[in-house]
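Colleague: In this note's numbering, the protein residues as written are 5 to 168.
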């Protein structure tokens, strides 16, 4: 009985090995010609994008955001939120002129809060939200993450500078 079981297991292993060899040696037809599995794999796996040498360099910008002219006379600012930072960390705008913030979440859900101007806006994961307001007082104001997104969420802060 024991020998029969061993013989069956060896036979099963041999059959599986033969099937594996047959499947791994089979060539597929790609784009009408027979170029093999290597070409099929190239089509399935596109080349990886290139990344900067130091990806953390761009994460902590200390200079004010550049404000390109936006349609409808808005002061336009793009803000990127990610675990655990906000870019840019300093935004400069002019008092009394309309501001349009486009706040983007690079990963999980976030919240953009600027209490002095009545702003507390949820930002869905990997989406952008437009926030418009008119700064009616000058000074420096803190904006920050208002939704828990992990351990470092309370460190996600920046400064809005409203100039006369």
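Heads up, the beta-carbon is just placed ideally off N, CA and C, and yes, glycines get one too.
Note that this is a predicted model, so its numbers are computed, not measured.
#1: Any Cβ of chain B within less than 8 Å of the Cβ of residue 119?
#2: Looking at the strands, I want to know which residues DSSP matches up with residue 23.
#3: Can you name, in chain order, every residue of its own chain whose Cβ lies under 6 Å from the Cβ of residue 156, other than the five neighbours on each side?
#4: Compare the Cα-Cα distances from residue 111 to each of 164, 154 and 18 and report the closest residue.
#5: Does residue 15 pass the burial test, meaning 16 or more other C-beta atoms within 10 Å, or should it be called exposed?
#6: I need the straight-line Cα distance from residue 77 to residue 152, nearest angstrom please.
#7: For the putative contact between residue 109 and residue 123, defined by C-beta atoms under 8 Å, what is the C-beta separation to the nearest angstrom?
#8: Per DSSP, residue 80 is paired with what?
#9: Are residue 143 and residue 92 closer than 8 Å when you measure CB to CB?
#10: Rounded to whole angstroms, what is the Cα-Cα separation between residue 6 and residue 23?
#11: Tell me where the beta strand (DSSP E) around residue 91 begins and ends.
#12: Please classify residue 33 as buried or exposed, where buried requires at least 16 neighbouring CB atoms within 10 angstroms.
#13: How is the beta strand (DSSP E) around residue 116 delimited, first residue to last?
#14: Which residues share a DSSP beta bridge with residue 173?
#15: Checking the sheet assignment: what are the DSSP bridge partners for residue 8?
#16: Just mark residue 95 as buried or exposed, buried being the case when its beta carbon has 16 or more other beta carbons within 10 Å.
Modeller: The short version:
#1: Note that chain B does not occur in the displayed structure, where there is just one protein chain.
#2: To locate residue 23, count along the chain shown from 1; it is residue 19. Its beta-bridge partners do not exist; DSSP assigns none.
#3: To locate residue 156, count along the chain shown from 1; it is residue 152. So the qualifying residues of the chain are 88.
#4: Position 107 of the chain shown holds residue 111. Of 164, 154 and 18, the smallest CA-CA separation from residue 111 is found for 154.
#5: Residue 15 sits at position 11 when you count from the first residue of the chain shown. That one is exposed.
#6: Counted from its first residue, the chain shown places residue 77 at position 73. Counted from its first residue, the chain shown places residue 152 at position 148. Spanning the two alpha carbons is a distance of roughly 34 Å.
#7: Taking the chain shown and counting its residues from 1, the one referred to as residue 109 is at position 105. Taking the chain shown and counting its residues from 1, the one referred to as residue 123 is at position 119. Separation of the CB atoms of residue 109 and residue 123 is rounded to 16 Å, and the pair is thereby denied contact status at 8 Å.
#8: Here residue 80 corresponds to residue number 76 of the chain shown, with the count starting at 1. Under DSSP, residue 80 takes part in a beta bridge, and its partners are 104.
#9: For the purposes of this step, residue 143 is taken as the residue at position 139 of the chain shown. For the purposes of this step, residue 92 is taken as the residue at position 88 of the chain shown. Not closer than 8 Å, so no.
#10: As a first step, residue 6 is located in the chain shown; it is residue number 2 there, counting from the start. As a first step, residue 23 is located in the chain shown; it is residue number 19 there, counting from the start. C-alpha separation (whole angstroms): 26 Å.
#11: As a working note, residue 91 is residue 87 in the chain shown. 89–91 is the span of the beta strand (DSSP E), which, as asked, contains residue 91.
#12: The sequence position of residue 33 within the chain shown is 29, counting from 1. Residue placement at residue 33 cannot be trusted, given a pLDDT of 47 that sits under 50; what the coordinates show is reported in the next sentence. Under this definition residue 33 is an exposed residue.
#13: Reading the chain shown from its first residue, position 112 is the one you call residue 116. Unbroken beta strand (DSSP E) run through residue 116: 114–118.
#14: Summary: the structure shown does not reach residue 173, with the chain confined to residues 5 through 168, and so no result is reported for it.
#15: To locate residue 8, count along the chain shown from 1; it is residue 4. BP columns for residue 8 are empty, so no partner.
#16: As a working mapping, residue 95 is identified with position 91 in the chain shown. Burial call: buried.
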